Amino acid sequence: MNLPPRLGRHTPVRPLWICRACAGPWPCSLARLLLKAEYWDRRADLPVQMTTVLYEAVADLHRLDPAAVDPAAMFNRFVGWTRRNHLGRIPDLSAQLAALDAELLRRLPD
Ligand SMILES: [Zn+2]
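Residue numbers (our numbering): -12 to 97.
Next up, the structure:
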């Protein structure tokens, strides 16, 4: 995972995936805002980056408690929020993200 330095302390504490600064679920609202700012001029890259992060988070959280990993909730938490922007729409990557999501779930250990 390669997060931009602009996030400051709003980075995830692994394997719990809580914010180092806020202690809430990561990405916290400030981390989301900072990520949108970081990816402002290459918005299509943000959901791709966050899908990579999603894969790592699901692997970590699944190891801690498989029953606590809800794929739809995890997708919305890590990727879904990147798809809308009040200053413009990010290209619709739903088909690519659904394929990545299916691949992610296929790779999880039983
Ligand atoms: Zn935070």
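Beta carbons are placed, not taken as given, at the ideal position from N, Cα and C, and that holds for glycine. Since this is a predicted model, take the numbers as computed values, not measurements.
DSSP three-state label for residue i, please.
i: Val0; result: strand
i: Pro96; result: coil
i: Pro58; result: helix
i: Pro(-8); result: helix
i: Leu74; result: Reliability of the predicted coordinates at Leu74 is poor, the pLDDT of 49 falling under 50, and no value is obtained from them.
What is the residue span of the alpha helix (DSSP H) that residue i lies within?
i: Arg19; result: 16 to 25
i: Ala46; result: 32 to 51
Taking all protein chains shown into account, do 16 or more other C-beta atoms lie within 10 angstroms of the C-beta of residue i, making it buried, or fewer, making it exposed?
i: Asp28; result: exposed
i: Met61; result: buried
i: Leu92; result: exposed
i: Leu20; result: exposed
i: Leu159; result: Residue coverage of the chain in this structure runs from -12 to 97, which leaves residue 159 outside it and unanswerable.
i: Ala85; result: exposed
Is the beta carbon of residue i less than 8 angstroms from the beta carbon of residue j?
i: Val56; j: Val66; result: no
i: Leu22; j: Leu33; result: yes
i: Pro(-9); j: Glu25; result: yes
i: Pro53; j: Asp88; result: no
i: Met(-12); j: Thr39; result: yes
i: Arg50; j: Pro2; result: yes
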